[in-house]
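Some notes on the structure that comes next.
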Amino acid sequence: MSASFVPKSDFLSVLMERGYIHQCSDFEGVDAKAKAGELIAYIGFDCTASSLHVGSLVQIMMLRWLQKTGGKPVPLMGGGTTRVGDPSGKDESRRMLSLDDIEANKTSIKQVFSKFLTFGEGRTDAVMPDNAEWLTALNYIDFLRDVGRHFSVNRMLSMDSVKMRLERDQELSFIEFNYMCLQAYDFAELYRRYGCLLQMGGSDQWGNIVTGIDLGRRMGAPQLYALTSPLLTTASGAKMGKTAAGAVWLNADMLPVYDYWQYWRNTEDADVGRFLKLFTDLPMDEIRRLEALAGAEINEAKKILATEATAMLHGREQAMAASETARKTFEEGELATSLPTVEIAAGELADGIGVLNAFVKVGLVPSTGEARRQVKSGGLRVNDAVVSDERAQLTNADLTGGVIKLSFGKKKHILLAPR
RNA sequence: GGGGGAAUGUCCCGAGCGGCAAAGGGGGCGGACUGUAAAUCCGCUGGCUAUGCCUUCGCAGGUUCGAGUCCUGCUUCCCCCA
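Okay, here's the thing in structure tokens:
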């Protein structure tokens with residue numbers, strides 16, 4: 000980032016101040032467009048899964064700030080590119096998604112965007128096109144003639160991502176080599192359709208975005224711009240968005256609100272300030288105050304981070320409920336009825352069910368073998384009492400207030416209720 | 001087309017004289033310590049109706065009391081020559 004540059008637009012001021020920016024092709028240019036209220040920007044999203052996860056949140060937030068500062072955000076669904084399958088994840092035979100799957104994923108993903116952006120027909124309202132709209136209509140010969148001639152292979156070969164692969168003798172498939180052409184074409188097409196001037200994305204997208212700018216110029220678009228965000232890792236170097244249980248999904252049906260809240264609550268100390276800036280709307284003054292908290296006090300900042308981030312996605316009411324459940328569970332050690340509950344046939348419980356199987360049944364551990372191991376290391380508890388006998392049975396006698404509380408480790412609790 | 005390598009515990013990397021549920025890492029999980037953090041230390045890291053049974057080393061056959069290990073064929077990937 001150019002050290003001397005001082006933005007005049009709200010958009011760049013916010014992004015710079017909050018740490019969203021890694022590189023920008025032309026700060027002054029973007030700044031001027033934003034200042035004039037003419038900035039329309041897009042970010043591409045895969046629709047390989049029915050939900051985005053935390054890893055995409057920085058991108059979503061950039062679109063959100065764009066809208067809040069007077070620009071028009073364009074989240075682009077990669078419905079067309081998804082059909083090809085992104086080859087850069089080098090694990091070979093990635094399954095091809097059916098068109099129905101892709102369509103379903105798009106619908107599901109759009110729900111998330113509507114939490115962060117306002118869609119509509121207005122000047123700053125977001126629109127969500129799908130690159131399948133133009134990519135699938137392409138004819139190979141026409142594409143080569145109209146678009147392909149603008150790509151310089153010499154130039155493509157000189158790009159870092161390509162150069163690296165060639166130097167290491169790693170295979171670079173033709174389809175992968177073409178992927179950037181399709182993405183570049185998206186940019187040109189979005190300019191044509193929406194007057195989109197800026198493409199944003201993660202820092203790994205820089206090369207692809209710049210290729211798009213280049214193509215735009217050759218195809219007669221005005222100057223286009225690139226802006227990338229830093230690749231996010233936690234302070235200890237782990238990738239964001241992955242936990243033991245899998246990805247931190249944004250859709251509530253794939254990750255319960257409580258778990259989402261917990262994800263943020265468990266942020267490392269060193270990340271609190273950075274995350275508050277990136278993942279909440281809190282004013283900077285407030286954030287500066289929170290990140291100055293030291294020692295155990297920083298837990299207050301983490302709770303605020305969790306509640307704010309959750310509220311943005313799932314609504315304030317749900318966020319408060321998650322916060323309250325956590326408070327009861329951790330600070331009062333009391334049984335909160337809002338913990339996830341799994342039902343069991345009343346008769347089954349009356350007959351007695353093995354502890355190990357009970358833990359497997361509610362999904363806290365994957366197998367009885369794992370349950371057995373956890374008993375040995377003291378990781379399982381029933382009604383807060385450590386399980387020491389793996390042969391123990393759970394019966395109606397274990398019901399406390401109509402349920403049995405099963406805990407795995409300190410943080411994972413599930414209630415077992417007879418039905 | 002010719003020659004030479006490689007594929008191992010369904011997260012990854014990676015050892016493996018014919019007796020192997022298979023060394024060692026990383027990652028992950030649990031425990032201790034804390035603050036629901038980090039760091040550190042300890043334990044665990046195929047499945048089950050479990051003093052036993054079943055399934056794992058690219059795929060399919062074969063040799064053998066016994067195969068990840070030896071043989072044959074196949075698949076995929078890499079390297080060298082053409």
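Heads up: the first sequence at position 200 corresponds to 199 in numbering that gives the first Met the number 0, and the numbers run straight through without jumps. For each residue, glycine too, the CB sits at the ideal point set by N, CA and C.
Secondary structure remark: continuous alpha helix (DSSP H) runs of at least 4 residues inside the region 264–290, in chain order: 271–278, 283–290. The DSSP-derived three-state label of Phe329 is helix.
Residue state for Ala48 is assigned as coil, using DSSP reduced to three classes. Sequence-distant Cβ neighbours of His149 in its own chain, meaning closer than 7 Å and more than five residues away, are Leu214, Arg217, Met218. By the beta-carbon neighbour count (other beta carbons within 10 angstroms, threshold 16), Gln222 is exposed. Counting along the chain, no alpha helix (DSSP H) covers Arg148, and no H or E run does either. With 16 or more other CB atoms across the displayed protein chains lying within 10 angstroms of its CB, Met179 is buried. For Gly28, the CB contacts under 8 Å within the same chain, skipping 5 residues up- and downstream, are Gln222, Tyr224 in chain order. With 16 or more other Cβ atoms inside 10 Å of its own Cβ, Arg63 counts as buried. Tyr139 sits exposed, since fewer than 16 C-beta atoms from the chains shown fall within 10 Å of its C-beta.
Taking a cut-off of 8 Å on C-beta distances, the region 66–75 does not touch the region 254–264, as fewer than three cross pairs fall below it.
By the C-beta density criterion, Arg418 is exposed, having fewer than 16 other C-beta atoms within 10 angstroms. The region 313–329 makes no contact with the region 370–382, as fewer than three CB pairs between them are under 8 Å. Taken through DSSP and simplified to helix, strand or coil, Met179 comes out as helix.
A direct Cα-to-Cα measurement between Glu102 and Gly79 gives close to 11 Å.
For Ala396, the closest alpha carbon among the candidates Phe329, Glu120, Asp270, Ala416 is that of Ala416.
The DSSP assignment places 367–375 as complete runs of the alpha helix (DSSP H) inside the region 363–411, in order along the chain (cut-off: 4 residues). Secondary structure at Phe115: helix, using DSSP grouped into helix, strand and coil. Ala183 is classed as buried because its beta carbon has at least 16 other beta carbons within 10 Å across all chains shown. Of the candidates Ile403, Arg287, Phe44, the residue whose Cα lies closest to the Cα of Asp383 is Ile403. In the three-state reduction of the DSSP assignment, Met199 falls in the strand class, which pools E and B. Using a Cβ distance threshold of 9 Å, His52 and Thr227 do not count as a contacting pair.
DSSP, read as helix, strand or coil, puts Leu156 in helix. Under the DSSP assignment, Lys71 falls in the beta strand (DSSP E) whose first and last residues are 71–76. The C-beta of Gln110 has fewer than 16 other C-beta atoms within 10 Å across all chains shown, which makes the residue exposed.
For Ser228, the enclosing beta strand (DSSP E) starts and ends at 224–228. Your pair Leu56 and Phe10 does not check out as a contact, with CB atoms roughly 18 Å apart and the cut at 8 Å. The shortest CA-to-CA distance from Glu307 to any of Met283, Glu330, Pro255, Leu275 is the one to Leu275. Around the beta carbon of Leu189, 16 or more other beta carbons sit within 10 angstroms, so the residue counts as buried.
For Thr306, the enclosing alpha helix (DSSP H) starts and ends at 297–313.
Beta-bridge partners assigned by DSSP to Trp248: His52.
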